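Numbered according to mature numbering (1 follows the signal peptide of the UniProt record, and there is no 0), the sequence shown spans residues -24 to -1, 1 to 775. Here a beta-carbon is modelled for each residue, glycine too, at the ideal position from N, C-alpha and C. Every value quoted in this text rests on a predicted model; they were computed, and no experiment measured them. What follows is one structure encoded as structure tokens, with my remarks underneath.
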Amino acid sequence: MSLPFLIPFLFFVSLFSKPSPSSSSQLQSFSISNSPWKPTQNKTLLSSNGVFAAGFRPLPTSQNNYTFSIWYQNVSEKTVVWSANAPSPLDQNASLVITSIDQNASLVITSNGSLCLMNSVGINVWHPVAATGNPNSTRLILSKQGNLVYNGTSWQSFDYPTDTILPTQNMSARSTVMVSANGKFSFRNGKNLFFNPSEIYWTAENGFQKLDVDGTVIQMNGNRLFSADFDEDRLRRLKLDEDGNLRIYSFDPDTRKWDVAWEAVQQICTIHGTCGPNAICINDGLSSNTSCVCPPGFKKANREEGGCEIKIPPSPGNFKFIRLDYVNFTGGSNQSDLQVSNLSMCQHRCLANMSCLGFQFKYDGKGYCVLQLDRMLYGYWSPGTQAAFFLRVDRSETDESNFIGLTELLNTTCPVRIKLPSPPEESNTTTRNIIIICTLVTVELISGGLFFSVFVKKYIKYRTMAQTFGLQFLPSGGPKRFTYGELKAATGDFSNLIGKGGFGDVYKGELTDHRIVAVKCLKNVTKGDAEFWAEVTIISRMHHLNLVRLWGFCAEKGQRILVYEYVPNGSLDKYLFRKRVGSREPITESTNIPVLDWNIRYRIALGVARAIAYLHEECLEWVLHCDIKPENILLGDDFCPKISDFGLAKLRKKEDVVRMSQRRGTRGYMAPEWLSLDVITPKADVYSFGMVLLEIVNGVRNSETQGSMNSEDWYLPGWAFNKVFKEMDVEDILDRQIKHCYDARIHFHMIDRMVKTAMWCLQAQPEMRPSMGKVAKMLEGTVEITEPKKPTIFFLGDE
């Protein structure tokens, strides 16, 4: 057949041929006229708004097996929200089993009006079976809310959820049970999260009634629980994930992905079953990733449920206790709560019980003691426990505890540990010792004579240099003078940059005696050599626990360099201003940086206040810092705070009136008097400290606008003042990183003093602010804090 005749023939055949099996059709409703509906027909039942679809979906693991499901139709991810399920043969009230059928199954409406999902052997697996109606008029439809309805509301999918709840779907009915896809977790009656299947690990205080379309959860008492993206126009769903956490997801139309807008359990490790028996769950606090580790004396268990097993079972009368800081086991019936007077009594109670595997104790003076009996389940590590677990192991066990809290290293005095070398062993060879001593004495005499002759020859030259540089009056015991070559070699040609500031760049280096130092190369220094040395001498005389020590300096080749002690943990800002969960900003710091608990933050604030008070009131020379901010507060190995960059601003005697010709400091921390170029007093540093103190409590820079505050006039001190003094809600201003660790009985008075002290420091008029000495006493609690005036906002324009 020629080509001109072939083309019309093919068109005619395609016009009258049947559609291929792969072509899809969309139904607005399913009636007896559409019955039977087979998986291979590729039909979908659409909601009237086109958001949801229902039909047969092949299983990801097998293309020949299907489920009858409901999913989102108009999103990139075909997220399933419901599937036909059948009662579990194990426990009808605990878990649900998704029904899997093959390609020979079908959905039918029988002649008596029953809706049936028939498998390949003719058994109805629709749950519940009683879905009936008038065969001539009853239809199966999919509502705009994602509810599959048959015969009005006599049967609806909202009454039989799987692992997802949709907006407007009721959760408070006694028969409402959500089950995770792996069957391990369930959420019942809109109130309790269960594990396997009767252990409650989380409870909604007021109970959940339904999820609203605006992102709020309506509770049984009428209150509302708000998600992070409340009132935005988004698709939402409440899902019980396979890790046991209950989360609200919202669909972002820009990224085309589901974002977590709320989750029930903040500490993922507190969910039961995350790790096996005897194991300890660890979470970094910034994500849902967890790891399971074995405590000392245990090893990984070779069993399906995982967990750990003891390496050496303790024999009677031959055991010891290993301390695990911040470790907790929440086993349930395997625990015994006691009231004791001290640690020794709690330990004695555990020793008297042969089934005691360890005990938990709090150092709060209230006698908190919990014996861990028979089993150790659901262990996790969290500073929020505020307790230590003492694990019972055999005395021959050599493993040491790797769970050591910050309280083990930190105390108020920040001690310095000095270890002296051991004396050498005495020699039995007296003659050899005499020869060695005589040789050393002879060498020293000869060397001393040579050095003395060299010194005499060059004395005049050195004296002239000293006079030239104005250093002939160097005090004894002053800072060491380094050469530029020494510092260049110590810093690897100034290659390891660790910080930048208004006074210059800072490099890390190592001296010849193996001391680690921070080398600060000053810029814009116009003083002569004699004036520079005088200021360096003043700075070196400032000795305080919370000030960075100045070890030396360099003044040659036009360079002005200061050599400080190296503070290893860096500045306070990287511990306070971390990337938030859900934020789209890039991570700029290591995710391994620990979160500072409330006790450590209080000690940092108190240490900084004492150091500034020392600069203002206790030094022989009156020193204003002029740039108090988190970047200039460094943290040592034991998180002891140390202020840097002090003394680099102009120094004045106490009798002088200080008037600066230009602004100094950092925007956001500068006092109002800098704007008016008024007289600058120590009260300018008090204002800067007040702003830092408020940031320590809130964990957010004062220049950052809260997500719920869209006004350009938002001001952190004013907002905090309203929360504390008007709404009486201190908890609302706490840092969200450790808000879950807040205990009103332990932390309220401490945080209340910090916030109220900050309000006094942030008064607009300098004379209204207290001195730094009084600020330190206010933080210590030795003076009464009255209610201050509300801090008012002011702005520094760009100049």
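Counting along the chain, Met154 sits inside no alpha helix (DSSP H); it lies in the beta strand (DSSP E) bounded by residues 153 to 155.
Residue burial is scored here from C-beta neighbours: Ile224 has at least 16 other C-beta atoms within 10 angstroms and is therefore classed as buried.
Per DSSP, the unbroken alpha helix (DSSP H) holding Gln323 starts and ends at 319 to 327. A Cβ-Cβ distance of about 4 Å is found for the pair Val57 and Thr140, placing them in contact under the 8 Å criterion. Along the stretch 255 to 292, the beta strand (DSSP E) occurs as fully enclosed runs of 3 or more residues at 256 to 259, 266 to 269, 274 to 276, 284 to 286, listed in sequence order. Judged by beta-carbon spacing, Arg729 lies within the 8 Å limit of Leu755, meaning their Cβ atoms are closer than that value.
Within the stretch 104 to 177, the complete beta strand (DSSP E) segments of 3 residues or longer fall at 116 to 118, 124 to 126, 153 to 155, 161 to 164, 168 to 171, listed in chain order.
Under DSSP, Glu541 takes part in a beta bridge, and its partners are Val493. When beta bridges are read from the DSSP output, Asp370 appears opposite Phe295.
Taking C-alpha positions only, Ser312 is separated from Asp260 by approximately 30 Å.
Counting every other CB atom within 10 Å of its CB across the protein chains shown gives Leu416 a total below 16, marking it as exposed. Residue state for Arg536 is assigned as strand, using DSSP reduced to three classes. Beta bridge pairing from DSSP links Phe305 with Gly355. Just measuring C-alpha positions, the residue of Leu211, Asp135, Val101, Leu142 sitting nearest Pro229 is Leu211. DSSP links Lys215 through a beta bridge to Thr140, Arg223. DSSP places Pro34 in the uninterrupted beta strand (DSSP E) bounded by 28 to 35. Around the Cβ of Ile410, a 10 Å sphere holds fewer than 16 other Cβ atoms; the residue is exposed. Here Met147 is not near Leu216, since their CB atoms are 8 Å or more apart. Per DSSP, the continuous alpha helix (DSSP H) segment holding Glu462 begins and ends at 460 to 466. With contacts defined by Cβ atoms closer than 8 Å, Thr657 and Asp603 do not form a contacting pair. The beta-carbon distance between Gly109 and Tyr136, rounded to whole angstroms, is 17 Å. This is too long to meet the 8 Å contact definition.
Boundaries of the alpha helix (DSSP H) harbouring Ser664: 659 to 674, taken from the DSSP string.
By the neighbour-count criterion, in which a residue is buried when 16 or more other Cβ atoms sit within 10 angstroms of its Cβ, Gly283 is buried.
With contacts defined by Cβ atoms closer than 8 Å, Thr459 and Tyr483 do not form a contacting pair. Excluding its 5 nearest sequence neighbours in each direction, Glu671 has C-beta neighbours in its own chain below 7 Å: Leu552, Pro606, Arg677, Asn678, listed in chain order. Arg200 sits in a strand when the DSSP states are folded into three classes. Rounded to the nearest angstrom, the gap between the Cα atoms of Cys268 and Ala277 is 12 Å. Checking the DSSP bridge columns, you'll see Glu239 partnered with Arg223. Check the Cα spacing between Ser547 and each of Gln49, Asp613, Ala589: the tightest is with Asp613.
Only exposed fits Phe724, as fewer than 16 other CB atoms lie within 10 angstroms of its CB. Annotation for Asn41: the continuous beta strand (DSSP E) segment containing it runs 38 to 48.
Counting every other CB atom within 10 Å of its CB across the protein chains shown gives Tyr339 a total below 16, marking it as exposed. Assigned with DSSP and collapsed to three states, Leu91 falls in strand. Arg577 is classed as buried because its beta carbon has at least 16 other beta carbons within 10 Å across all chains shown.
Membership of Cys737 in the alpha helix (DSSP H) is indicated by the continuous run 720 to 737. With a contact defined as Cβ atoms closer than 8 Å, Lys14 and Ser82 qualify at about 5 Å.
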